[in-house]
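Report on one structure; see the data block that follows.
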Amino acid sequence: MGLSEKKILLIVSGGIAAYKINNLVRDFIKKNAEVQVLMTPNAEHFVSKLTLSTLSKKPIFTDFFTENGTWNSHIELAHWADVILVAPCTANTLAKMVHGICDNLAIATYLSAKCPIFIAPAMDLEMYQHPSTKQNLESAQHFGHQIIPAEHGELASGLFGLGRMAEPETISKTIENFFNSAEHSQKLKGKNVLITAGPTYESIDPVRFIGNHSSGKMGFALAEEAAKLGAKVVLISGPVSLNINSKNIDIQKVTSAKEMFDEVFKHYENSDIAIAAAAVSDYAPKEIAREKIKKNDDNFTLELVKNPDILKAMGEKKTKQFLVGFALETENEEQNAKEKLIRKNLDMIVLNSLRDENAGFGNDTNKVKIFTKNSEKDFPLKSKTEVAKDILGEIVR
Ligand code: CTP
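Under this note's numbering, the first residue of the sequence shown carries the number 12, and numbering increases by one thereafter.
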């Protein structure tokens with residue numbers, strides 16, 4: 012618990028408050044955290060690299076390139092971190108972060124990061140009050156970053172007011188509280204979760220396919236939420252153009268149902284929970300034409316053969332897995348969903364309603380009813396992120 016073994020990437024930018032960072036690093040190290048300091052070029056005027064590297068027991072990075080011809084990988088640094096803390100964060104560094112102005116190693120690392128970001132602004136009274144700064148702080152919050160607010164007091168300029176960087180103890184406590192509450196809610200820690208998402212494309216010829224309108228949003232939201240609960244997630248996705256934010260998600264892209272089937276069974280045995288959110292095509296062309304099919308006759312017949320039912324196969328091979336399927340029905344919704352729960356040997360089935368025009372395929376919202384063998388629960392129309400939380404909540408329960 013706490014900061015022990017946590018990896019903190021500390022970005023120090025060039026403000027007078029940088030002199031307090033030595034104490035902060037010392038505190039982190041005392042609490043057993045690992046600290047990697049990155050400095051912006053201007054920060055070097057305010058605090059000594061030697062002091063920081065001695066306290067953090069690591070070299071301090073500022074430049075992309077080193078004197079011996081190698082380079083500091085911003086991607087490796089970003090992926091190493093459990094959290095990034097920018098302290099002190101000057102008006103300039105804040106503006107660069109918010110607008111993606113990538114002219115130093117610290118900003119490149121920030122832009123490559125998937126972990127939570129904390130910002131401790133420090134600036135003079137007028138700068139802190141400026142609409143531009145206010146707007147940038149709002150944007151940072153909008154990105155999901157947490158601001159550790161500046162405090163009231165005497166400022167380096169001699170002015171008195173809001174703008175002083177929060178005290179090192181406050182910053183340290185904020186980061187510690189974050190890890191404590193994150194660990195408290197890690198209800199799927201140590202669990203392997205397998206999720207299928209998106210449509211499958213079944214090739215007809217080199218340029219055409221049979222597909223469907225699935226956006227993959229529900230499966231991706233489930234993957235992100237499961238990762239937030241501490242799970243190690245393998246997400247097997249058909250062709251969609253969505254991005255993943257968490258570093259605990261291993262995403263495997265596939266195209267056809269057969270490819271999805273093969274990929275699923277590379278990971279299934281090792282999974283504790285498997286959720287089939289993909290809209291798998293039930294049929295595929297019997298043969299894929301090698302050349303583009305030319306239009307000749309008025310009628311054209313395509314012979315289709317049944318694809319493997321991935322979820323059913325998972326049900327048949329079930330050992331320890333908690334298996335969850337989705338059902339999309341247009342008639343006898345509940346009866347069909349319950350029947351699928353039994354037929355596919357599932358532990359839970361999520362019925363998507365097609366009756367609400369904002370729910371289901373392609374939408375950002377969904378309305379579901381969740382069935383297990385001996386329970387059923389109705390949920391109102393919600394964002395897919397909220398629906399993912401509900402589904403995982405039920406799984407955890
Ligand atoms: N599914 C699957 N592989 C398939 C077809 C479906 O893994 N080849 C999974 C879906 O990911 C979903 C569930 O099965 O979790 C139900 O899909 P759905 O299309 O509603 O049901 P089907 O089994 O295809 O039955 P039907 O189309 O007859 O309703």
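Virtual Cβ for every residue (Gly too), placed ideally from N, Cα, C. Treat the numbers as computed from the prediction; the structure is a model and nothing was measured.
Exercise. Which one or two residues does DSSP pair with Trp82 in a beta bridge?
Worked result: Locating residue 82 in the sequence shown gives position 71, counting from the first residue. Phe76.
For this session: Name, in chain order, the residues that DSSP records as bridge partners for Met134.
Result: On the sequence shown, position 123 is the one that residue 134 refers to. Paired residues: none, contrary to the question.
Problem set entry | Buried versus exposed call for Leu170 [16 or more other C-beta atoms within 10 Å across all chains shown] | Mapped onto the sequence shown, residue 170 falls at position 159. By the neighbour-count rule (16 or more Cβ atoms within 10 Å), Leu170 is not buried but exposed.
Problem set entry | Cβ pair Ser248, Thr207 closer than 9 angstroms | Residue mapping note: residue 248 aligns to position 237 of the sequence shown, counting from 1. Residue mapping note: residue 207 aligns to position 196 of the sequence shown, counting from 1. Closer than 9 angstroms, so yes.
Exercise. Under 9 angstroms, do Met229 and Val398 count as touching if we go by C-beta distance?
Worked result: As a working mapping, residue 229 is identified with position 218 in the sequence shown. As a working mapping, residue 398 is identified with position 387 in the sequence shown. Yes.
Exercise. In terms of alpha-carbon separation, which member of Ile299, Leu334 and Lys264 lies closest to Val285?
Worked result: Looking up residue 285 in the sequence shown gives position 274. Looking at the sequence shown, residue 285 is not Val but Ala. Closest by alpha carbon: Leu334.
Exercise. At a cut-off of 8 angstroms, is Thr101 close to the ligand CTP when judged by its beta-carbon and the heavy atoms of the ligand?
Worked result: Walking along the sequence shown from the start, residue 101 turns up at place 90. The answer is no for Thr101.
For this session: Just tell me which of Ser394, Val97 and His110 has its CA closest to the CA of Ala161.
Result: Along the sequence shown, read from residue 1 onward, the residue named residue 161 stands at position 150. Nearest C-alpha to Ala161: Val97.
Exercise. Hey, is Ser257 close to the ligand CTP, as in C-beta under 8 angstroms from one of its heavy atoms?
Worked result: As a first step, residue 257 must be located in the sequence shown, where it is residue number 246. Ser257 Cβ: outside cutoff for every heavy atom of the ligand CTP.
Problem set entry | Arg301 classed as buried or exposed, judged by whether at least 16 other C-beta atoms fall within 10 angstroms | Position 290 of the sequence shown, counted from the first residue, corresponds to residue 301. Classification for Arg301: exposed.
Exercise. Is there contact here, the region 271-280 with the region 227-242, by at least three beta-carbon pairs under 8 angstroms?
Worked result: no
Problem set entry | With 16 other Cβ atoms within 10 Å as the buried cut-off, status of Ser292 | Residue numbering aside, residue 292 sits at position 281 when the sequence shown is read from its first letter. So Ser292 ends up on the buried side.
For this session: Rounded to whole angstroms, what's the CA-CA distance from Asn385 to Ile19? Just pull it up for me.
Result: Taking the sequence shown and counting its residues from 1, one reaches residue 385 at position 374. Taking the sequence shown and counting its residues from 1, one reaches residue 19 at position 8. Going from the Cα of Asn385 to the Cα of Ile19 covers about 45 angstroms.
For this session: Tell me whether Ile40 sits in a helix, a strand or coil according to DSSP, three-state version.
Result: Reading the sequence shown from its first residue, position 29 is the one you call residue 40. Here Ile40 sits in helix by DSSP.
Exercise. Sorry if obvious, but does the Cβ on Asp358 come closer than 8 angstroms to a heavy atom of the ligand CTP?
Worked result: Looking up residue 358 in the sequence shown gives position 347. The answer is no for Asp358.
Exercise. Do you know whose CA, among Ala44, Glu180, Ala289 and Asn310, lies nearest Phe231's CA?
Worked result: Position 220 of the sequence shown holds residue 231. The shortest C-alpha separation from Phe231 is found at Ala289.
Exercise. Of the choices Ile71, Ser24, Lys41 and Val46, whose alpha-carbon is the least far from that of Asn53?
Worked result: As a first step, residue 53 must be located in the sequence shown, where it is residue number 42. Taking only the C-alpha atoms, the option nearest Asn53 is Ser24.
Exercise. Ends of the alpha helix (DSSP H) at Ala234?
Worked result: For this step, residue 234 is matched to residue 223 along the sequence shown. Ala234 -> alpha helix (DSSP H) spans Lys228 to Lys239.
Exercise. Going along the chain, which residues of its own chain have a beta-carbon closer than 6 angstroms to the beta-carbon of Glu236, five neighbours each way excluded?
Worked result: For this step, residue 236 is matched to residue 225 along the sequence shown. The answer, listed in chain order, is Ala399, Lys400 and Leu403.
Exercise. When the distance is taken between beta carbons, is Gln157 closer than 9 angstroms to Phe129?
Worked result: For the purposes of this step, residue 129 is taken as the residue at position 118 of the sequence shown. For the purposes of this step, residue 157 is taken as the residue at position 146 of the sequence shown. Yes; because the gap between Cβ atoms is below 9 angstroms, this pair is in contact.
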